[in-house]
Amino acid sequence: MEEIILKGVAAAPGIIFGYAFILDKQDFVIAPRTIMENEVPSEIARFLEAVIHAKDEIVDLKNKIDAQKRANETQIFDAHLMILEDRSLINDVEKRIRAEKLSAEYIFMEVIRDYLSKFANIDDEYLRERASDINDIGRRVLKNLVDEDRLHALDNVEEKLIIIGHDLSPSDTASMYNKNIIGFATDIGGKTSHTAIMAKSLGVPAVVGLKDATLRIRNQDYLIVDGERGMVVVNPKEETLSQYKSQQTKIQETRDRIQEIKDLPCETTDGKKIGLYANLELPEEMPAIISSGADGIGLYRTEFFYMNRMDLPSEDEQFEVYKNVVEQMKGGMVTIRTLDIGGDKFLSTLQIPIDMSPSLGWRGIQFCLRQPDIFKTQLRAILRASAFGNLRLMYPMISGVQELRQANALLEEAKLNLKEEGVAFDENMPVGVMIEIPAAALMADMLARETDFFSIGTNDLIQYTFAIDRVNEQTAQLYEPANPAILRLIRVTIEAAHKEGIKVSLCGEMSGELALAFILLGLEVDDLSMSSVSILQIKNMIRNVTYKKAKEVAHEAVSLATSEEVETITLNRLKTMAPDLFNAQH
Amino acid sequence: MALIEKEITIKSAQGLHARPAALFVQVATKFDSTVIIEKDGEQINGKSIMDILTLGAQQNTVVTLKVDGEDAEQAFTELEELLTKED
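Protein chains in written order, with my numbering: chain A, 14 to 599; chain B, 544 to 630.
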């Protein structure tokens, strides 16, 4: 087989080797399951039954519509029936179940996928329509083959696999906390897309923005995922493989080496200390966070609580999880961000209208203020957990003072209720706002008077400042964290905060990038929060530079014209100052 | 009846991969005879919508239609008419 190299964007560091597993754009997931020789006849029978069942369902639907005399609409069902009665399709599935000894649902999916990829190569409107018919049929038959629950069964993956997808939605990734998933590669997305965030939190390499990975890679292809340079090698040659193996060893050695600084302070050579915190996505990440030496959790994203389930999480359920995280940090500060749903994250439970441009839709605090019951349940759970450790709360997507006051009013209500009920909580729990909408950065001086801290969320701040969608591959290249426009917004925010005597943390992906973190240090940020995999590397950088120099470089960067200039100059200065930092990279 | 085999130029503006494909399958499956379409050396089952669609035959493509079985004659006449009908 021929070696193919696909180029994309490095989203999570590391190098990994393994077999591909293609996750469909559709929301069903079927992992390969091996069957025994003597199970073949029953597996085929099961498949044929599922087909008959699907046909019955379609005939029923068709009759109902016939009765209403909507003849045009029944044509679609005729097309579905014709496909289900297709001998070639049925024969293909039977033949492949016999030959490959894999479960009916998996083979069926593979056959469907083959047809779809053949159709994709023919430029014809009619075929495109048929592609969606085939998808519908696939779904209908699959539903009859597998329990509904197992359709989301990434947790059932039993071999080590690299997940390939068009894009991974948070509801996909939420079910991926699985030690058998060793890497990701996706068609679209950039450094801050959910795939990237999730891969880092799982500690596995990821490459995104590969454009056509789902078409070029096939299930069970052997791959190298190079999360350092943003490449995926399909069917690598022996020599490519051995080069990568030695590189993987080198990376591991560097990681082991910086382990030594884990318990040392995060302090520049001229004595400036800053806090290094971890971003937390799922409670399962706690061991990795604790072993990274993080001072605490700078951003605890709570959306995942609400995904992949039909009911809303109760107050008690949330309380138990928050309490557990706070206790595990043993006095280290934990910053919980209240529900930020919308944008690229949707609740499974609630029927939320799909916005044309989800990032600009109904999300964050605006959602919570209009769903006060959901919001107050979470506030009560957070307040109760505050009695068990060092806990802070912050609101996402605040656009101005008015929203902050409204949110705080609900918080006061929740506190009052708890007091009446005699439930313990920390009366002085700090409450902060996320600065991630340009309007909030511009009003930072006003917001600073009414809040205890800021946390700058650069992932969103960047996309809103440049009017781009970070998930859209057409605009992803305009996503420029080093752009002086962003640095200026950050500077304005930090200055306003310090004037009012409050602290500023920064929790976007840029915190974990060497050169960018160096500028942030120079912009006098108090804390950085990042994926736990980046913490030691950033601490290593900070321990090798001076605060004085960082301030000089930041000052210079803010007055440059483009992000290229900022990147070039910062990297040069950093390389001159601490050349060792870059030896580990290739 | 023996095998009937003939080269046919597809006339439908949509070729054989639009609605005529579905119609072709409906007609072909009425008969007991086997129906095979050959294009550029590739043979496919004329009773399979999936096969016909993936053949991707455009207008003016030359295919060989092969019909074999008891009712081949009637089948061939009807299928040939479908392929050569200009819409």
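We put the CB at the ideal spot given by N, CA and C, even for glycine.
Residue i CB to nearest chain B CB: under 8 angstroms?
| i | result |
| --- | --- |
| A/K131 | yes |
| A/D99 | yes |
| A/M95 | yes |
| A/Y128 | yes |
| A/H165 | With a pLDDT of 46 at A/H165, under the threshold of 50, the modelled position of this residue cannot be trusted, and the question is left open. |
| A/L363 | Caution is warranted here: a pLDDT of 49 is assigned to A/L363, below 50, making its placement in the model unreliable, and no coordinate value can be reported. |
In chain A, what lies closer than 9 angstroms to residue i by C-beta?
| i | result |
| --- | --- |
| B/N603 | The contacting residues do not exist; B/N603 stays about 15 angstroms from chain A at best. |
I'd like the span of the beta strand (DSSP E) that includes residue i, first residue to last.
| i | result |
| --- | --- |
| A/T199 | 194–199 |
| A/R314 | 309–314 |
| A/Y235 | 235–239 |
| A/M346 | 346–350 |
| A/L406 | 404–408 |
| B/E550 | 547–552 |
| A/F466 | 466–469 |
| B/K628 | Neither: B/K628 is in no beta strand (DSSP E) and is coded neither H nor E. |
| B/D611 | 605–611 |
| A/S518 | 516–519 |
Using CA coordinates, which residue listed in the options is at the minimum distance from residue i?
| i | options | result |
| --- | --- | --- |
| B/L626 | B/G612, B/A545, B/G558 | B/G558 |
| A/K75 | A/A92, A/L61, A/F60 | A/A92 |
| A/V558 | A/K285, A/R405, A/A457, A/A25 | A/K285 |
| A/K562 | A/A63, A/L392, A/M523, A/F531 | A/F531 |
| A/F34 | A/N193, A/E62, A/F132 | A/N193 |
| A/L215 | A/L228, A/R231, A/I195 | A/I195 |
| A/A453 | A/P443, A/N441, A/S468, A/M442 | A/S468 |
| A/V334 | A/G306, A/I475, A/M299, A/D353 | A/M299 |
| B/D611 | B/Q601, B/G584, B/N588 | B/N588 |
| B/Q569 | B/Q601, B/M593, B/Q602, B/V605 | B/M593 |
| A/V238 | A/R268, A/I177, A/E252, A/T267 | A/I177 |
| A/V339 | A/I354, A/P326, A/D308, A/Y319 | A/D308 |
| A/I28 | A/P45, A/M49, A/M122, A/I264 | A/I264 |
| A/P326 | A/L406, A/R393, A/D146 | A/R393 |
| A/V217 | A/L312, A/F197, A/Q415 | A/F197 |
| B/L596 | A/E251, A/I548, A/A212, A/L102 | A/L102 |
| A/I201 | A/K258, A/M211, A/L236, A/T227 | A/T227 |
| A/R376 | A/T351, A/K389, A/T390, A/Q391 | A/T351 |
Name the two residues that bound the continuous alpha helix (DSSP H) containing residue i.
| i | result |
| --- | --- |
| A/G178 | Where A/G178 is concerned, there is no enclosing alpha helix (DSSP H), although the beta strand (DSSP E) it sits in stretches over 174–178. |
| A/V538 | Per DSSP, A/V538 belongs to no alpha helix (DSSP H) and is neither H nor E. |
| A/E601 | This structure leaves residue 601 of chain A out entirely; chain A is present only between 14 and 599. |
| A/I548 | 548–555 |
| B/Q586 | No alpha helix (DSSP H) contains B/Q586, which is instead part of the beta strand (DSSP E) from 585–588. |
| A/M590 | 576–590 |
| A/S101 | 100–113 |
| A/T281 | A/T281 -> no alpha helix (DSSP H), and no H or E assigned at all. |
| A/S130 | 117–133 |
| A/V334 | 328–341 |
| A/K389 | 385–398 |
Below 8 angstroms on C-beta distance, what does residue i contact in chain B?
| i | result |
| --- | --- |
| A/I65 | The contacting residues do not exist; A/I65 stays about 17 angstroms from chain B at best. |
| A/M410 | Near A/M410 there are no residues of chain B at all, since even the closest Cβ is about 47 angstroms away, more than 8 angstroms. |
Is the shortest distance between the beta-carbon of residue i and the beta-carbons of chain A less than 8 angstroms?
| i | result |
| --- | --- |
| B/T597 | yes |
| B/S555 | no |
| B/V570 | no |
| B/N588 | yes |
| B/G612 | no |
Which chain B residues sit within Cβ distance under 9 angstroms of residue i?
| i | result |
| --- | --- |
| A/A92 | A565, I592 |
Starting from the beta carbon of residue i, find every residue of chain B whose beta carbon is closer than 7 angstroms, and list them in chain order.
| i | result |
| --- | --- |
| A/L102 | M593 |
Next item on the list: Spell out a yes or no on whether the region 587–596 of chain A and the region 576–586 of chain B are touching, meaning 3 or more CB-CB pairs, one atom from each, closer than 8 angstroms.
Entry: no
Note to self: So, does the region 439–455 of chain A touch the region 405–416 of chain A, judging by three or more C-beta pairs under 8 angstroms?
What the structure shows: yes
Note to self: Contact between the region 17–25 of chain A and the region 239–248 of chain A is defined here as three or more beta-carbon pairs at a separation below 8 angstroms; is this criterion met?
What the structure shows: yes
Checklist line | Touch test, the region 495–503 of chain A against the region 563–579 of chain A, Cβ-Cβ under 8 angstroms, three pairs minimum | finding: yes
Check: With contact counted as at least three CB pairs below 8 angstroms, one residue from each stretch, are the region 534–550 of chain A and the region 290–309 of chain A in contact?
Finding: yes
Notebook entry, point to check: Is the region 544–553 of chain B close to the region 609–619 of chain B, with three or more CB pairs under 8 angstroms?
Noted result: yes
Margin query: When you compare the region 427–437 of chain A with the region 387–406 of chain A, are there three or more beta-carbon pairs, one atom per stretch, that lie closer than 8 angstroms?
Written below: yes
Item checked: Three-pair Cβ contact test at 8 angstroms for the region 109–124 of chain A versus the region 51–61 of chain A -> yes
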